[in-house]
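For the sequence shown, the tail end lands on 266 under my numbering, and the numbers increase by one without skipping.
Glycine included, every Cβ here is placed at the ideal spot set by N, Cα and C.
Note that the coordinates shown come from a computational prediction; the quantities given were computed from them, not determined experimentally.
To start, the structure itself, in structure tokens.
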Amino acid sequence: MDRQVFRKIVSEYILETVPKSLIYNLDNFAIRMKKGEYWIDLSLENFYRGYCRQNASLRQQYVAEVLAPFIKDLKRESGVNHQDVKENLQRIYPIIVGPKETKGIATTTLAEDLSVAYVLDEGMRIFFIDKPTIDRLEFSLESIHQTAIDNFFRDLVKPLQLFDKNREIYGFNYGDTYDSSRLLSLILSPRQHGLSNSRRLQVMIPNRDVVLLLLRKEESDLRQAMMIGRSSFINNPYPISGKVYELHKGAVTLFQLPWDAENY
Numbered sequence: 003m004d005r006q007v008f009r010k011i012v013s014e015y016i017l018e019t020v021p022k023s024l025i026y027n028l029d030n031f032a033i034r035m036k037k038g039e040y041w042i043d044l045s046l047e048n049f050y051r052g053y054c055r056q057n058a059s060l061r062q063q064y065v066a067e068v069l070a071p072f073i074k075d076l077k078r079e080s081g082v083n084h085q086d087v088k089e090n091l092q093r094i095y096p097i098i099v100g101p102k103e104t105k106g107i108a109t110t111t112l113a114e115d116l117s118v119a120y121v122l123d124e125g126m127r128i129f130f131i132d133k134p135t136i137d138r139l140e141f142s143l144e145s146i147h148q149t150a151i152d153n154f155f156r157d158l159v160k161p162l163q164l165f166d167k168n169r170e171i172y173g174f175n176y177g178d179t180y181d182s183s184r185l186l187s188l189i190l191s192p193r194q195h196g197l198s199n200s201r202r203l204q205v206m207i208p209n210r211d212v213v214l215l216l217l218r219k220e221e222s223d224l225r226q227a228m229m230i231g232r233s234s235f236i237n238n239p240y241p242i243s244g245k246v247y248e249l250h251k252g253a254v255t256l257f258q259l260p261w262d263a264e265n266y
């Protein structure tokens, strides 16, 4: 089945079930559902694959089951509340976000243009935890941060992937919402990836879907790696940063480029 046909099937089901909702098509094979002031994005890729695996007679039921929690939230025009968070602390995870995504949500600054946000993972959807929710929980932000980090290292760490053997570009691109979060494993536990704690590492985090680890420091290789990273930053719906950062002994700082970046 064509992806756009599937998008239409999903959109029509939502509009039939919640008539006063709105549907917006997003470029990265996703839709945005909106009712009143409440909205949520749904990536369709895994949904589409699951749909295609179903027998034809079960596909309508599959759509209804997957969309059920979204429909419920649209009807009540809200997502999770502080009690939902309190009862599901084991499902709070960190996500690295850029400056455009920090408004209204609870964050901890990591470096220039980089912040750690916190989400409650509800399966095919995630909810960013906002500042009022933190206040109502009567937990400190530091406590939420540590809980999210502990959950991350329990569930989400994955091996480095090789992107470019000649230029020694490694990174993370698993496509499961938490690729930007895996920067934290390079910061807090580099040995888990076979890297020395004392080694200075150059990375780019252009968007939520990719982290680039740049192991070669030759100018030509750095320039090419930066072109890849900046393209991913510009052309992604969830951009984070087009800059290069240095990781060293648990600290994250801007990397001082060995050439005039203004004219790059």
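Problem set entry | Extent of the continuous beta strand (DSSP E) run through Lys36 | Here residue 36 corresponds to residue number 34 of the sequence shown, with the count starting at 1. Note, Lys36: beta strand (DSSP E), 32-37.
Problem set entry | Per-residue DSSP class, three states only, for Met267 | This structure does not reach residue 267, given that the chain is present from 3 up to 266, and the question cannot be answered.
For this session: Give the range of the beta strand (DSSP E) segment to which Ser187 is assigned.
Result: Position 185 of the sequence shown, counted from the first residue, corresponds to residue 187. Per DSSP, Ser187 belongs to no beta strand (DSSP E); it is in the alpha helix (DSSP H), 185-190.
Exercise. At what residues does the alpha helix (DSSP H) containing Asn153 begin and finish?
Worked result: Indexing the sequence shown from 1 puts residue 153 at position 151. 143-157 is the span of the alpha helix (DSSP H), which, as asked, contains Asn153.
Exercise. For chain D, is any of its Cβ atoms less than 8 angstroms away from the one on Ser145?
Worked result: The displayed structure is made up of one protein chain only, and chain D is not part of it.
Exercise. With a CB to CB cut of under 7 angstroms and the five nearest residues on each side skipped, what residues in its chain are close to Asn265?
Worked result: Along the sequence shown, read from residue 1 onward, the residue named residue 265 stands at position 263. Confidence in Asn265 is poor, its pLDDT being 41 and thus under 50, which makes the residue's placement too unreliable to answer from.
Exercise. How many Å lie between Ser182 and Tyr64 at the Cα?
Worked result: By 1-based counting over the sequence shown, the position of residue 182 is 180. By 1-based counting over the sequence shown, the position of residue 64 is 62. The alpha-carbon atoms of Ser182 and Tyr64 are separated by roughly 30 angstroms.
Exercise. By Cβ distance below 6 angstroms, which residues in the same chain neighbour Tyr26 in space, the five residues on each side in sequence not counted?
Worked result: Taking the first residue of the sequence shown as 1, we reach residue 26 at position 24. Excluding positions up to five away in sequence, the list reads Arg34.
Problem set entry | Burial state of Gln194, where buried means 16 or more other Cβ atoms lie within 10 Å | Position 192 of the sequence shown, counting from 1, holds the residue named residue 194. The residue in question, Gln194, is exposed, as its Cβ has fewer than 16 Cβ neighbours within 10 Å.
Problem set entry | Spatially closest choice to Ala227 from Gly177, Ile94, Gln204, by CA coordinates | The residue labelled residue 227 in the question sits at position 225 within the sequence shown. Residue Gln204 is the option with its Cα nearest to Ala227.
Exercise. In the segment 161-220, which residue ranges form an unbroken beta strand (DSSP E) of at least 3 residues, counting only runs that do not cross its ends?
Worked result: 163-166, 171-174, 203-209, 212-216
Exercise. For Ile25, which three-state DSSP category applies?
Worked result: As a working mapping, residue 25 is identified with position 23 in the sequence shown. DSSP places Ile25 in strand when its eight states are reduced to three.
Exercise. Shortest alpha-carbon distance to Arg5 belongs to which of Trp41, Leu17, Ile16, Gly52?
Worked result: Walking along the sequence shown from the start, residue 5 turns up at place 3. For Arg5, the nearest C-alpha among the options comes from Gly52.
Problem set entry | Spatially closest choice to Lys160 from Glu140, His147, Glu221, Phe174, by CA coordinates | On the sequence shown, position 158 is the one that residue 160 refers to. Considering only alpha carbons, the answer is Phe174.
Exercise. Quick one, which of Ile230, Gly252, Glu221 has its alpha-carbon nearest Val212's?
Worked result: Taking the first residue of the sequence shown as 1, we reach residue 212 at position 210. Among Ile230, Gly252, Glu221, the Cα nearest to that of Val212 is on Ile230.
For this session: Could you tell me whether the segment 233-247 touches the segment 91-108, where touching means 3 or more Cβ pairs closer than 8 angstroms?
Result: yes
For this session: Could you work out which residue in Asp115, Thr109, Leu197, Lys105 is closest to Phe235 when comparing CA atoms only?
Result: Within the sequence shown, the letter at position 233 stands for residue 235. Among Asp115, Thr109, Leu197, Lys105, the Cα nearest to that of Phe235 is on Asp115.
Exercise. Can you tell which of His147, Ser59, Phe49, Val68 has the C-alpha that lies nearest to the C-alpha of Val118?
Worked result: Against the sequence shown, residue 118 aligns to sequence position 116. When each option's Cα is compared against that of Val118, the closest is His147.
For this session: Could you please give me the residues that DSSP links to Ile98 through a beta bridge?
Result: What you label residue 98 is simply residue 96 of the sequence shown in a count that begins at 1. Answer is Val118.
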